[in-house]
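These protein sequences, in sequence, are chains A and B. Throughout, my numbering is defined as the position within the first sequence, counted from one, plus 2. Throughout, my numbering is defined as the position within the second sequence, counted from one, plus 9.
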Amino acid sequence: MSTSNQSANIVQVLRKIPPKWAVAIIGIVLVYWLGQPLLNRTFGWNLPSIASLIGDEKPTPPRPQRPAEEAVPPKVIESSDKPVAITKPDGASNSKVVEPTKPKQPDSKPTTTGTATPPKTSPTSKATSNSKATPAELAELARKAGVTGSSDQKYGFLQEIGKDRYRSPAGLVYGRGSEEGHRLKHLERHLADQPTRPGPHGVFDGDMPQVLRWIDEAYGKAIKGDRMAKKYSEDGSTVYEFTFSKPIGYMGGSAGKRKNNPPVQSIRIVARGQDLITAFPF
Amino acid sequence: MSQQYYVATCPRCEQGLCRVRVYDSNEQFLRCVVCDECDSTWTDTSLSKTTRFRQPSAEVCVFPGTEIDLWAEPSRWANADDLRLLGWYSKSFVDA
Numbered sequence: 003m004s005t006s007n008q009s010a011n012i013v014q015v016l017r018k019i020p021p022k023w024a025v026a027i028i029g030i031v032l033v034y035w036l037g038q039p040l041l042n043r044t045f046g047w048n049l050p051s052i053a054s055l056i057g058d059e060k061p062t063p064p065r066p067q068r069p070a071e072e073a074v075p076p077k078v079i080e081s082s083d084k085p086v087a088i089t090k091p092d093g094a095s096n097s098k099v100v101e102p103t104k105p106k107q108p109d110s111k112p113t114t115t116g117t118a119t120p121p122k123t124s125p126t127s128k129a130t131s132n133s134k135a136t137p138a139e140l141a142e143l144a145r146k147a148g149v150t151g152s153s154d155q156k157y158g159f160l161q162e163i164g165k166d167r168y169r170s171p172a173g174l175v176y177g178r179g180s181e182e183g184h185r186l187k188h189l190e191r192h193l194a195d196q197p198t199r200p201g202p203h204g205v206f207d208g209d210m211p212q213v214l215r216w217i218d219e220a221y222g223k224a225i226k227g228d229r230m231a232k233k234y235s236e237d238g239s240t241v242y243e244f245t246f247s248k249p250i251g252y253m254g255g256s257a258g259k260r261k262n263n264p265p266v267q268s269i270r271i272v273a274r275g276q277d278l279i280t281a282f283p284f
Numbered sequence: 010m011s012q013q014y015y016v017a018t019c020p021r022c023e024q025g026l027c028r029v030r031v032y033d034s035n036e037q038f039l040r041c042v043v044c045d046e047c048d049s050t051w052t053d054t055s056l057s058k059t060t061r062f063r064q065p066s067a068e069v070c071v072f073p074g075t076e077i078d079l080w081a082e083p084s085r086w087a088n089a090d091d092l093r094l095l096g097w098y099s100k101s102f103v104d105a
């Protein structure tokens, strides 16, 4: 059917009905003509246009709509071959979650009932992220989240990087050496006093995990040039000194005994490159 | 435990004790002075910069001029006889 014939038919129909009805019909058609696109857009309806009703145009097919959850595709990053224990607390899309079936551990503290289980981490989990967070920041995140470290971490803090070699979040390496055979073993000397040892003997007021954190904090700040840190190098080794805001131990040994074991809040770290030689409070 | 001797507090780390370390085998007798805290090593008891020996790495400590491990047997801390033999006994102190 041609357009001119259709128009003629419409005119003929309008002539046959009373004028006031004709005006009402024309008004309704005008309102529909103006409102149809707006209604379709607003409510997602699919009202046919006047033209399609007349037969000049096919109705617009409904636009496929994604469910709300598909509107923004999730960013899945799985570049690590090991499960990741830590996600950034804000749940940012750049956090790695390699175990998608496990829900993210809530950042909640354990209850006091004694029945709460500690945050689960995979035995092979690593504190890592594809963000630009430094290892020290990740360690801090882990600490805040109550993640005390996975079983492949020495003292829940050091990552094994080779046979008898462990790296701290700040990059300090603990390996073999010293009379004790290993730097970690040597550090244990500073967990207890040796009151008969000549001179001072710095004693940490904490256990190994705490001591390692102190050392790492001091080392991390010293290499960044913190104003509370000193650094001097000689013959390939470097001595770092850092003063904490609170005591971290006391002066032991015979010198400490004479002075009634005064508290000390500085730490001295001797390192060769990134390899720790020793560290003690003074 | 036998008595231990030291010659000075370490000028490097200011907490370790510099002790004489010896290697006594049938073939040779080696000695040096080592800080028991920071591994600083000297070839004699003067503990001067000129007699300071730079160890090859953090994991490997040797007697100066050799590849003999400072910490593996038969290396040991010097006793009174060793110190007398070396002429360093008078410069040594005994641990309390």
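We treat Cβ as the ideally placed atom computed from N, Cα and C, and that holds for glycine.
Taking its Cβ as the centre, do 16 or more other Cβ atoms sit within 10 Å of residue i, making it buried, or is it exposed?
| i | result |
| --- | --- |
| Ala234/A | With the sequence shown as reference, residue 234/A is identified as Tyr, and Ala is not the correct amino acid for it. Exposed, since its Cβ has fewer than 16 Cβ neighbours within 10 Å. |
| Val78/A | In this prediction, Val78/A has a pLDDT of 35, which is less than 50 and means its spatial position is unreliable; what the coordinates show is noted afterwards. Under this definition Val78/A is an exposed residue. |
| Phe244/A | buried |
| Thr54/B | buried |
| Asp90/B | exposed |
| Met230/A | exposed |
| Val42/B | buried |
| Ala87/B | buried |
| Pro2/A | Only positions 3 to 284 of chain A appear in the structure, and residue 2/A is not among them; the question remains open. |
| Ile250/A | buried |
| Phe2/B | Look at the range of chain B in this structure, 10 to 105, and you will see that residue 2/B is not part of it. |
| Gln12/B | exposed |
| Ser180/A | buried |
| Glu46/B | buried |
| Gln14/A | exposed |
| Trp216/A | buried |
| Arg21/B | buried |
| Gly258/A | buried |
| Val31/A | exposed |
| Ser101/B | buried |
| Val16/B | buried |
| Val266/A | buried |
| Thr119/A | Only weak support is given to the placement of Thr119/A: the predicted model assigns it a pLDDT of 34, under 50, and the value that follows is read from those uncertain coordinates. It is exposed - the Cβ of Thr119/A has fewer than 16 other Cβ atoms within 10 Å. |
| Lys128/A | Because Lys128/A sits at a pLDDT of 34, beneath the cut-off of 50, its placement in the model cannot be relied upon, and the following sentence gives the value as read from the coordinates. Buried. |
Closest by CA to residue i, which one among the options?
| i | options | result |
| --- | --- | --- |
| Gly275/A | Pro264/A, Ala194/A, Ile225/A | Ile225/A |
| Arg167/A | Arg185/A, Gly254/A, Pro20/A | Arg185/A |
| Thr18/B | Glu76/B, Thr50/B, Asp91/B | Thr50/B |
| Glu190/A | Arg178/A, Val205/A, Arg199/A | Val205/A |
| Gly255/A | Tyr14/B, Leu26/B, Val16/B, Pro20/B | Leu26/B |
| Thr240/A | Ala67/B, Thr52/B, Gln12/B | Ala67/B |
| Lys165/A | Leu32/A, Gly158/A, Arg178/A | Arg178/A |
| Asp277/A | Asn263/A, Met253/A, Arg169/A | Arg169/A |
| Gly238/A | Gln24/B, Ser11/B, Asp48/B | Asp48/B |
| Lys156/A | Gln14/A, Val31/A, Leu214/A, Asp207/A | Leu214/A |
| Asp83/B | Arg93/B, Leu56/B, Tyr32/B, Trp97/B | Before going on, a small fix: residue 83/B reads as Pro here, not Asp. Among Arg93/B, Leu56/B, Tyr32/B, Trp97/B, the Cα nearest to that of Pro83/B belongs to Tyr32/B. |
| Gln196/A | Val25/A, Ser51/A, Met253/A | Met253/A |
| Glu182/A | Leu79/B, Trp97/B, Tyr98/B, Ser99/B | Leu79/B |
| Asp209/A | Asp228/A, Phe159/A, Val25/A, Ile163/A | Phe159/A |
| Val33/A | Lys18/A, Ser51/A, Pro20/A | Ser51/A |
| Asn263/A | Gln161/A, Val25/A, Ile27/A, Asp207/A | Asp207/A |
How would you list, in chain order, the residues of chain A whose beta-carbon sits under 9 Å from the beta-carbon of residue i?
| i | result |
| --- | --- |
| Ala87/B | Simply none; closest approach about 14 Å. |
| Gln24/B | Gly201, Pro202, His203, Gly204, Gly255, Arg270, Thr280, Phe282, Phe284 |
| Cys70/B | Gly179, Ser180 |
| Thr18/B | Pro200, Gly201, Pro202 |
| Ser99/B | Under the 9 Å cutoff, chain A gives no residues; its nearest Cβ is about 17 Å from Ser99/B. |
| Leu51/B | The question names Leu, but residue 51/B is Trp in the sequence shown. Going along chain A, no residue has its Cβ under 9 Å from Trp51/B, so there is no contact; the nearest lies around 11 Å. |
Taking Cβ-Cβ distances shorter than 7 Å, what residues in chain B pair up with residue i?
| i | result |
| --- | --- |
| Asp237/A | Arg61, Arg63 |
Identify the contact partners of residue i in chain A, using a Cβ-Cβ distance below 7 Å as the criterion.
| i | result |
| --- | --- |
| Cys47/B | Val272, Ile279, Thr280 |
Under 8 Å by Cβ, that's how I've got residue i and residue j pegged, so tell me the actual separation to the nearest angstrom.
| i | j | result |
| --- | --- | --- |
| Arg40/B | Arg28/B | Their Cβ separation, rounded to whole angstroms, is 11 Å, which puts Arg40/B and Arg28/B out of contact at 8 Å. |
| Asn42/A | Leu49/A | 6 Å |
| Phe62/B | Thr52/B | 6 Å |
| Pro200/A | Asp104/B | 6 Å |
| Leu92/B | Tyr14/B | 6 Å |
By the criterion of Cβ-Cβ separation under 9 Å, what are the contact partners of residue i in chain B?
| i | result |
| --- | --- |
| Val213/A | Ordered by position in chain B, no residue passes the 9 Å Cβ test against Val213/A, which lies about 15 Å from the chain. |
| Val266/A | Result: empty, since nearest Cβ-Cβ is about 11 Å, beyond 9 Å. |
Given that residue i touches chain A, what residues does it touch there, using C-beta distances under 8 Å?
| i | result |
| --- | --- |
| Ser66/B | Arg274, Asp277 |
| Tyr14/B | What Tyr14/B touches in chain A: nothing, since even the nearest Cβ is about 10 Å away. |
Can you check whether the C-beta of residue i is within less than 9 Å of a C-beta belonging to chain C?
| i | result |
| --- | --- |
| Arg40/B | Of the chains in the structure shown, none is chain C; the protein chains are A and B. |
Point to revise | At least three beta-carbon pairs within less than 8 Å, the segment 32–39 of chain B to the segment 258–271 of chain A | key: Taking a cut-off of 8 Å for Cβ pairs, the segment 32–39 of chain B and the segment 258–271 of chain A do not touch, as fewer than three such pairs fall below it.
Check your understanding: Okay, do the segment 277–284 of chain A and the segment 165–183 of chain A touch, 3+ Cβ pairs below 8 Å being the bar?
Key -> In short, these stretches touch, since the Cβ pair count reaches three.
Practice item. Please determine if the segment 242–262 of chain A and the segment 209–226 of chain A are in contact, where contact requires at least 3 C-beta pairs separated by less than 8 Å. Key: These segments touch.
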